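Just so we're on the same page, the numbering used here is the position in the sequence shown counted from 1, plus 1322.
Note that CB positions come from ideal geometry on N, CA and C, so glycine has one too.
Model, not experiment: these values are computed from the prediction.
The structure appears below as structure tokens.
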Amino acid sequence: MNTKILIIGACGQIGSELTAKLREIYGLNNVIASDIRKGEQKVFETGPFEQIDAMDFNQVASVIEKYQVTDVYLMAALLSATAEKNPAFAWDLNMNSLFHVLNLAKEGKIKKIFWPSSIAVFGPTTPRIDTPQFTVMEPSTVYGISKQAGERWCEYYFNKFGVDVRSIRYPGLISWTTAPGGGTTDYAVDIYYKAIEDKKYTCFLSENTALPMMYMDDAIKATVAIMQAPAEQIKIRSSYNLSALSFTPAEIATSIKTHIPEFTIAYDPDFRQAIADSWPASIDDSRAREDWGWKNDFDMEKMTETMLTNLTAKLQ
Ligand code: AKB
């Protein structure tokens, strides 16, 4: 049977790049992009697009039926900062959309699911440095609670019903094509825009707040790899730790200054500081490396060079 993919949340920061990559691999017409609105031209103009609400079971089910979808990538979610402002909606969106696809897989309507988890599943009682795969998890954010509950449900559906669901705990993701929205790690994208446009940036996190981060190409590579790996290599059915970089706002500023010497940074922490303080500073992802061969390509230098070059061209 041919792979037919549905991406839910295809116009978001990860979804838009994932759509492009999966269309390159599987062919334009085998990748159906969907979102609640037609956000990104490059997504709805390059292949099939359906406007659907991830929380509406019937809409999701009917698109799956219409295209005979085999694999679903569920990228729709409210991220950490936005979720704190609208907890009930965040819980509904993050959980209901997951239940819809898990139940469709349980009923045999789809074969495989990718569902993103996050470093937000960890909390203030988790070891912060080289956070292990299996450890204390007491998330203190709405987003983290929803992701942790989601992980438990993924593992449960795998164990009870044999649902082939695969997941990664994404760190903060940095890319130049589509802006992130509503996350605590968003500063690490915004800083590049402001460095080019204004030569200065005021960061909403403090100088020495280290967080796990990753360049988008690595995140897309990991997503494709975990979905293409033989099922027996996916030994963890909650979610895999995934790591590439760990840096502070001061460190990313230093990296930008090597290209834009006049760049300056100031710090004005807001409510997102408490969220960042509850998360790990770095992640141990040895299980992903062992089980399905994960390896990152981008270090901070390569990322800064790529971001500044592409954004300078884009902003002209
Ligand atoms: C966020 O900051 O909320 C996200 C995440 C780490 O999951 N980027």
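Relative to the C-alpha of D1357, which residue among A1332, F1480, G1494 and W1437 is closest? Closest option to D1357, Cα to Cα, is A1332.
Going by Cα to Cα distance, which pick from P1461, L1567 and P1454 is closest to T1447? P1461
Please return the same chain residues whose Cβ sits closer than 6 Å to the Cβ of F1366, not counting the five positions on each side in sequence. K1360
Going by DSSP, what residues sit across from E1372 in a beta bridge? S1356
Between S1462 and the ligand AKB, is the CB less than 7 Å from at least one heavy atom? Checking the 7 Å criterion, the Cβ of S1462 is out of range of every heavy atom belonging to the ligand AKB.
Spatial neighbours of Y1537 in its chain, beta-carbon cut-off 6 Å, leaving aside the 5 residues before and after: I1496, F1620 and M1625
Return the Cβ separation of L1400 and Y1492 in integer angstroms, given the expectation that the two are a contact with Cβ distance under 8 Å. 15 Å between Cβ atoms; not a contact.
Beta-bridge pairing of K1516 - partner residues as DSSP gives them: According to DSSP, K1516 bridges with nothing at all.
Using CA atoms only, rank isn't needed, just tell me which of K1326, G1334, Q1335 and E1362 is closest to R1345. The residue with the shortest Cα to Cα distance from R1345 is K1326.
Does the beta-carbon of Y1509, which I'm using as the reference point, lie nearer than 7 Å to any heavy atom of the ligand AKB? no
Do you know offhand how far A1427's Cα is from M1417's? 16 Å
What do you reckon, are the CB atoms on S1587 and A1598 nearer than 8 Å? A small correction: the amino acid at residue 1587 is Ile; Ser does not occupy that position in the sequence shown. It is not a contact, given that the beta carbons lie outside the stated cut-off.
In the DSSP output, which residue or residues are listed as bridge partners for I1329? A1355 and Y1395
Considering only their Cβ atoms, is the gap separating Q1595 from T1531 smaller than 8 Å? yes
Using the Cβ count rule (16 or more neighbours within 10 Å means buried), how would you classify I1347? Looking at its Cβ environment, which holds fewer than 16 other Cβ atoms inside 10 Å, I1347 is exposed.
Note down the Cα distance separating S1640 from A1635, rounded to an integer number of angstroms. With the chain covering only 1323 through 1638, there is no way to say anything about residue 1640.
Which of helix, strand or coil does DSSP assign to L1527? coil
Beta strand (DSSP E) runs wholly inside the segment 1400 to 1443, at least 3 long, in chain order: 1434 to 1440
Please go through the same chain and pick out, in chain order, the residues whose beta-carbon is closer than 7 Å to the beta-carbon of T1545, but skip the five residues on each side of it. L1340, F1436 and I1490
Who are the Cβ neighbours of V1464 in its own chain at under 7 Å, not counting the five residues just before and after it? A1405, E1406, P1409, A1412 and W1413
To the nearest angstrom, report how far apart K1469 and I1451 are at their CA atoms. 21 Å
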